[in-house]
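Engineer:
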Amino acid sequence: MRSFSLIDFVSLFTALRWTVALVVLALLFGAPLALGLAMGRISRFAGLRWTMAALIQVIQSVPLLGLLFFFYFGMPVFLGIQVPALVAVTVAYTLYTAAFLGEIWRGGLEAVKQAQWEAGACLGLSAWQQFRHIIAPQALRLSLPPTVGFLVQLIKGTSLASILGFVELARAGQVVSAATFQPLLTYALVAAIYFALCLPLTLWSRSLEARLDGSR
Amino acid sequence: MALVEIRDVHKTFGKVEVLKGVSLDVEEGEIVTIIGRSGSGKSTLLRCINALESVDTGEIRVEGQKVHAKMPDLKKFRQRVGIVFQAFNLFPHLKVERNITLAPLLTGRIDKAKARALAEDVLTRVGLADKIDAWPEQLSGGQQQRVAIARCLAMAPHLMLFDEVTSALDPELVGEVLKVMEAMAKQGMTMILVTHEMGFARNVANRIVFMHQGRVWEQGPPAKLFANPETPELASFIASAK
Chain R
22 MRSFSLIDFV
32 SLFTALRWTV
42 ALVVLALLFG
52 APLALGLAMG
62 RISRFAGLRW
72 TMAALIQVIQ
82 SVPLLGLLFF
92 FYFGMPVFLG
102 IQVPALVAVT
112 VAYTLYTAAF
122 LGEIWRGGLE
132 AVKQAQWEAG
142 ACLGLSAWQQ
152 FRHIIAPQAL
162 RLSLPPTVGF
172 LVQLIKGTSL
182 ASILGFVELA
192 RAGQVVSAAT
202 FQPLLTYALV
212 AAIYFALCLP
222 LTLWSRSLEA
232 RLDGSR
Chain F
5 MALVEIRDVH
15 KTFGKVEVLK
25 GVSLDVEEGE
35 IVTIIGRSGS
45 GKSTLLRCIN
55 ALESVDTGEI
65 RVEGQKVHAK
75 MPDLKKFRQR
85 VGIVFQAFNL
95 FPHLKVERNI
105 TLAPLLTGRI
115 DKAKARALAE
125 DVLTRVGLAD
135 KIDAWPEQLS
145 GGQQQRVAIA
155 RCLAMAPHLM
165 LFDEVTSALD
175 PELVGEVLKV
185 MEAMAKQGMT
195 MILVTHEMGF
205 ARNVANRIVF
215 MHQGRVWEQG
225 PPAKLFANPE
235 TPELASFIAS
245 AK
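These protein sequence lines map, in sequence, to chains R and F.
For the first sequence, the numbering used here gives the first residue as 22, with consecutive numbering after it.
For the second sequence, the numbering used here gives the first residue as 5, with consecutive numbering after it.
Encoded structure:
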């Protein structure tokens, strides 16, 4: 046993790397996929709408832990492929992000009145131009608070990756706590770091909301 | 050849036949006002002219070109036929200038350097040059509708459709919108309007078309139609509209 020292402090912050890396990976692959799912959900083609809805339904219904287990432990069993841990978590967090962001963004897109599409069409704009210049900017503003809300969820959700051996913030907290026998101090610190990570996001979202809502 | 030729158009929504064989010609420079009770098919007919709805049978030609939702150059066609809606449908996230210049810029009608001048020009025509930097929601309903008209004018359309454009306005704001439309009429714009403004129909239109039960029931110059309606349906409509 040793007392809590600078080394423990450093190890917590080093572990923060993985927390951030997992969030970045999840967004990097998950956000484009989410956009695709959202657009599929509002498509003219019923088949596409149903497929996207079913996909989202399945992913949202499985606990994140279940997704992680499935891609890490399940893939070798079902498909006979050994998946590196990083690939497994990336896939799991990507799908998780895509499903939840996809639904959030679909809601935003649908909240923009149909007449806005029509007004664009009547001015001779293509469907993509209507989406890009008229619908998406309005939907973005509407979707911002829940999007940031999900981001905060995602940051905290990365703690589950510790199960597959990732020494991210939460797992590092466990290790430090076990070594120093100071769980209260350690976990308070871990909590503070999570808080420090999430708070700026919330503040940023609030200022962005005000800015995008230029008219007020 | 008339600018707009409508031949025996039928249109059904679900089980309701809204248009039951409508035929109508509109010449270039003409101001045609379509009147009639709610549900008589006025707005649907207007939306068909712009291919917002497709006709089931019959055909509509504008400048000789057959109109339908899958026409190959629909986007080009829509640039030539402007439509103004009851609900204005301005883009709330864009300032007045950008509302007007978005489509001309995206469709390549003008380049960036000329955008502001174009916005100023069309806004002057609707009497709102000082509102170029305003947000839509800072404007009154009447002003928003005039911006919507200016947005259409910026595409330099050959034909303009007005779908009950004053119906959502407070009574005291109707006049300013009608005045703008009257000025456009004087400049020779071909216009087809659906309206409940009988005064405007009487004073500005060249021709009144009375629609009833999905058909053109009666049409003619306003003076004749209002003074001597031939059908009891029009007579009772005029009486109730007063």
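Heads up, the beta-carbon is just placed ideally off N, CA and C, and yes, glycines get one too.
Which residues in chain F sit within 7 Å of R/A231, going by Cβ to Cβ distance?
Structural biologist: Result: empty, since nearest Cβ-Cβ is about 14 Å, beyond 7 Å.
Engineer: At a Cβ threshold of 7 Å, is F/R82 touching chain R?
Structural biologist: yes
Engineer: Taking the alpha-carbon positions, what's the R/A140 to R/F30 distance?
Structural biologist: In a straight line, the C-alpha of R/A140 is about 57 Å away from that of R/F30.
Engineer: Could you give the distance in angstroms between the alpha-carbon of F/R155 and the alpha-carbon of F/V20?
Structural biologist: 34 Å
Engineer: Can you tell me whether F/D167 is buried or exposed, with buried defined as 16 or more other CB within 10 angstroms of its CB?
Structural biologist: buried
Engineer: Does any C-beta atom of chain R lie closer than 7 Å to the C-beta of F/H97?
Structural biologist: yes
Engineer: Using alpha carbons as the reference points, say which of F/M188, F/V213 and F/I114 lies closest to F/H200.
Structural biologist: F/V213
Engineer: By the criterion of Cβ-Cβ separation under 8 Å, what are the contact partners of F/V56 in chain R?
Structural biologist: Inspection of the sequence shows that residue 56 of chain F is occupied by Leu rather than by Val. Per Cβ cutoff of 8 Å: E139, A142 and C143.
Engineer: Specify whether the stretch 168-183 of chain R and the stretch 30-41 of chain R touch according to this definition: at least 3 beta carbon pairs, one from each stretch, less than 8 Å apart.
Structural biologist: yes
Engineer: Roughly how many angstroms separate the alpha carbons of R/L33 and R/S198, rounded to a whole number?
Structural biologist: 11 Å
Engineer: Whose CA, out of F/L229, F/H216 and F/R219, lies closest to the CA of F/N207?
Structural biologist: F/L229
Engineer: Sort F/I10, F/A160, F/S47 and F/M164 by Cα distance to F/V198 and report the nearest one.
Structural biologist: Ranked by how close their Cα comes to the Cα of F/V198, the residues F/I10, F/A160, F/S47 and F/M164 have F/S47 in first place.
Engineer: Applying a beta-carbon distance threshold of less than 8 Å, which residues of chain B neighbour F/K79?
Structural biologist: No chain B is present in this structure, whose protein chains are R and F.
Engineer: On the premise that F/M215 lies in contact with F/G25, defined as a C-beta separation below 8 Å, what is that separation, rounded to the nearest angstrom?
Structural biologist: Rounded to the nearest angstrom, the Cβ distance from F/G25 to F/M215 is 12 Å, too far for a contact under 8 Å.
Engineer: Have a look at F/E186, F/P233 and F/V169 and flag the residue whose alpha-carbon is nearest the alpha-carbon of F/E34.
Structural biologist: F/E186
Engineer: Compare the Cα-Cα distances from R/V44 to each of R/V98, R/Y215, R/L224 and R/R227 and report the closest residue.
Structural biologist: Taking only the C-alpha atoms, the option nearest R/V44 is R/Y215.
Engineer: Who are the Cβ neighbours of F/W139 in its own chain at under 7 Å, not counting the five residues just before and after it?
Structural biologist: K99
Engineer: Can you give me the C-alpha to C-alpha distance between R/L163 and R/A120, rounded to a whole angstrom?
Structural biologist: One alpha carbon belongs to R/L163, the other to R/A120, and they sit about 18 Å apart.
Engineer: Please list, in chain order, all residues of the same chain as F/T1 whose beta carbon is under 6 Å from its beta carbon, the five residues on each side excluded.
Structural biologist: Shown here, chain F extends from 5 to 246; a query on residue 1 of chain F therefore has no answer.
Engineer: Report, in whole angstroms, the separation of the C-beta atoms of R/T118 and R/L233, which I expect to be a contact under 8 Å.
Structural biologist: In fact, because the Cβ distance is near 22 Å, the residues do not count as touching under 8 Å.
Engineer: By how many angstroms is the C-alpha of F/R211 removed from the C-alpha of F/P225?
Structural biologist: 4 Å
Engineer: Could you spell out the range, first to last residue, of the alpha helix (DSSP H) harbouring R/R192?
Structural biologist: L190 to T201
Engineer: Which residues does DSSP list as the beta-bridge partners of F/Q69?
Structural biologist: F/V66
Engineer: Do you know offhand how far R/G128's Cα is from R/A136's?
Structural biologist: 16 Å
Engineer: I need the DSSP call for R/R237, collapsed to helix, strand or coil.
Structural biologist: Caution applies to R/R237, whose pLDDT of 45 falls short of 50 and renders its modelled position unreliable; the value that the coordinates give is listed next. R/R237 falls in the coil class under three-state DSSP.
Engineer: Between F/Q142, F/I53, F/R113 and F/M195, which lies nearest to R/L146 when the distance is taken from Cα to Cα?
Structural biologist: F/R113
Engineer: CA-CA distance, F/G62 and F/A172?
Structural biologist: C-alpha separation (whole angstroms): 32 Å.
Engineer: Using a beta-carbon distance below 7 Å, is F/N103 in contact with chain R?
Structural biologist: no
Engineer: In terms of DSSP beta bridges, what is F/I196 paired with?
Structural biologist: DSSP, once it has assigned bridges, lists F/V36 and F/L165 as partnering F/I196.
Engineer: Can you tell me which residues form a DSSP beta bridge with F/Q223?
Structural biologist: F/V213
Engineer: Using the three-state DSSP reduction, which class does F/K74 fall into: helix, strand or coil?
Structural biologist: coil
Engineer: Please tell me whether F/A123 and F/E101 are closer than 7 Å, where the distance is taken between their beta carbons.
Structural biologist: yes
Engineer: Please identify the residue among F/I104, F/V130, F/R129 and F/G131 whose C-alpha is closest to the C-alpha of F/K118.
Structural biologist: F/I104
Engineer: Please list, in chain order, all residues of the same chain as R/E124 whose beta carbon is under 7 Å from its beta carbon, the five residues on each side excluded.
Structural biologist: I77
Engineer: Consult DSSP for F/D137 and reduce its assignment to one of helix, strand or coil.
Structural biologist: Here F/D137 sits in coil by DSSP.
Engineer: If you measure from the beta carbon of F/L173 to each beta carbon in chain R, is any gap under 7 Å?
Structural biologist: no
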